[in-house]
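> Residue numbers (mature numbering (1 follows the signal peptide of the UniProt record, and there is no 0)): -17 to -1, 1 to 402.
Glycine residues also receive a C-beta, built at the ideal position from the N, C-alpha and C atoms.
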């Protein structure tokens, strides 16, 4: 007896916990090729890993089938479940070609014995596509992703093809910085516009600006509603506050004591000095309130008074201290300078009168022609008193006009410093 067995594989249920069934249909013929007689037949099925000999990967089951025109059909796996794996658990069932062995009760005793030889050849079962996918998904480099503990294990990047893991396959927040190798994500791998400010941590945002950087801030120092600080996180108001280097180590390492030694503080500064005890203040923030900023002259020579930059100025006859204790002077970052006119002189003449009789330049020769006449009066809204002389003018007085300082048009901002 021989058999022609077209076999249709349609596994029912892909999850490992679900039952797997194998529909089977065959055409049984005798040695002459004629279909065997109709009627009930006892048939045994087994599955091997080789076409001849080999190892039975499924112990099999026995069915009593009805033969009609030589055709039989049944569903395998209803009595004995297919194993999920075979070959010492190294292979997934149906992931590689397997071979069905069919044995028919030849002597009619309704049992399968050694007297009933199996039909030859065994019928090949070709692997289903989904079985390959399942094998690839469940094992990576010999690691069973379903049964093995992946804790502490890593996937070798060499086994992953570029683009093989799409972003949609990753659970949100499942990959953190510690799981990524340094340098594994380069700029060309980041799509333009894919990282927004909300995606960055406050630490990253503040780290983009060097510590000690000063910038103008257009907001008030205090929130007008809450009364709390309105200065952005990671920044401090440049008000001359006294600070402890242990609390602001990075800032101290950036500016040191260029702006003071922490024993004093600016007027009404946020942080007052702490003298004695723990956490003694040992440096100051710049106090830039009311100042324009100027680049340090250094060796450039652009500030002719660089060496004389000191900490006092005369305000209406009063000497005012401009600096905090320990603040740098001279040609150093941190030094300040009072406002001042550049040295100059004015030629005084008698307004509204004919001055042609006098010499436009001082005359020390015969006659000593005066070029400035003694007179008092008012001209253009300004009072004046002039005294003639035959030499360079040494006397003359006009009434004072103008503001309290010489300045360009300006607008107030708060200077803040990155810490």
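Do you know whose CA, among 264, 205, 233 and 288, lies nearest residue 323's CA?
Of the listed residues, the one whose Cα sits closest to residue 323 is 288.
> In whole angstroms, what separates the C-alpha of residue 265 from that of residue 249?
Between residue 265 and residue 249, the C-alpha separation is close to 14 Å.
> To the nearest angstrom, how far is the alpha carbon of residue 13 from that of residue 38?
Near 27 Å, if we compare the C-alpha coordinates of residue 38 and residue 13.
> Can you give me the start and stop residues for the alpha helix (DSSP H) that residue 233 sits inside?
Start and end: 232 to 238.
> With residue 10 and residue 48 assumed to form a contact (beta carbons below 8 Å), what rounded beta-carbon distance in angstroms separates them?
Not really, about 13 Å apart at Cβ, beyond 8 Å.
> Tell me where the alpha helix (DSSP H) around residue 188 begins and ends.
Here the alpha helix (DSSP H) through residue 188 covers 185 to 190.
> Would a C-beta distance cut-off of 8 Å place residue 306 and residue 316 closer than the cut-off?
No, the Cβ-Cβ distance between residue 306 and residue 316 is not below 8 Å.
> Cβ of residue 183 within 8 Å of Cβ of residue 399?
No, the pair does not count as a contact, with Cβ atoms beyond the cut-off.
> Could you tell me the boundaries of the beta strand (DSSP E) in which residue 250 lies?
It is not in any beta strand (DSSP E) - residue 250 carries neither H nor E in the DSSP assignment.
> If contacts are defined as beta-carbon pairs under 8 Å, then residue 225 and residue 267 qualify, I think. What distance do you get, rounded to the angstrom?
Confirmed, Cβ separation roughly 6 Å.
> Would you tell me roughly how many angstroms separate the C-alpha atoms of residue 236 and residue 383, rounded to the nearest one?
Their Cα atoms are separated by approximately 48 Å.
> Tell me the DSSP secondary structure of residue 280 in three-state form.
Residue state, collapsed to three classes: coil.
> Sorry if obvious, but does the Cβ on residue 287 come closer than 7 Å to a heavy atom of the ligand SAM?
Absent from the structure shown: the ligand SAM. Ligands present: none.
> What three-state label does DSSP hand residue 68 in the structure shown?
Correct three-state label for residue 68: strand.
> Bridge partners for residue 398 per DSSP, in chain order?
Note: residue 398 sits in a beta bridge opposite 199.
> Between which two residues does the beta strand (DSSP E) harbouring residue 56 extend?
Per DSSP, residue 56 belongs to the beta strand (DSSP E) from 54 to 59.
> When you compare the CB positions of residue 238 and residue 195, do they come within less than 8 Å of one another, or not?
Taking 8 Å as the Cβ cut-off, residue 238 and residue 195 qualify as a contacting pair.
> Roughly how many whole angstroms lie between the Cα atoms of residue 46 and residue 100?
Roughly 16 Å between the two C-alpha positions.
> When you compare only the Cα positions, how much space is there between residue 51 and residue 66?
So the two alpha carbons sit approximately 31 Å from each other.
> With 16 as the cutoff for other CB atoms within 10 Å, does residue 292 come out buried or exposed?
Residue 292 should be labelled buried.
> Do residue 222 and residue 253 have their C-beta atoms closer together than 8 Å?
Their beta carbons are under 8 Å apart, which means residue 222 touches residue 253 by this criterion.
> Would the beta-carbon of residue 82 fall within 8 Å of that of residue 108?
Against a cut-off of 8 Å, the Cβ pair of residue 108 and residue 82 comes out as a contact.
> For my contact list, residue 110 and residue 79 are in at a C-beta cut-off of 8 Å; report their separation, rounded to the angstrom.
Sure, about 6 Å apart at Cβ, within 8 Å.
> Could you have a look at residue 160 and say whether DSSP puts it in helix, strand or coil?
Reduced to three states, the DSSP call for residue 160 is helix.
> What's the C-alpha gap between residue 354 and residue 326?
Model confidence at residue 354 stands at a pLDDT of 44, short of 50, so the residue's coordinates are unreliable and nothing is read from them.
> Buried or exposed: where does residue 388 fall if 16 or more other Cβ atoms within 10 Å of its Cβ makes it buried?
Per the 10 Å Cβ criterion, exposed.
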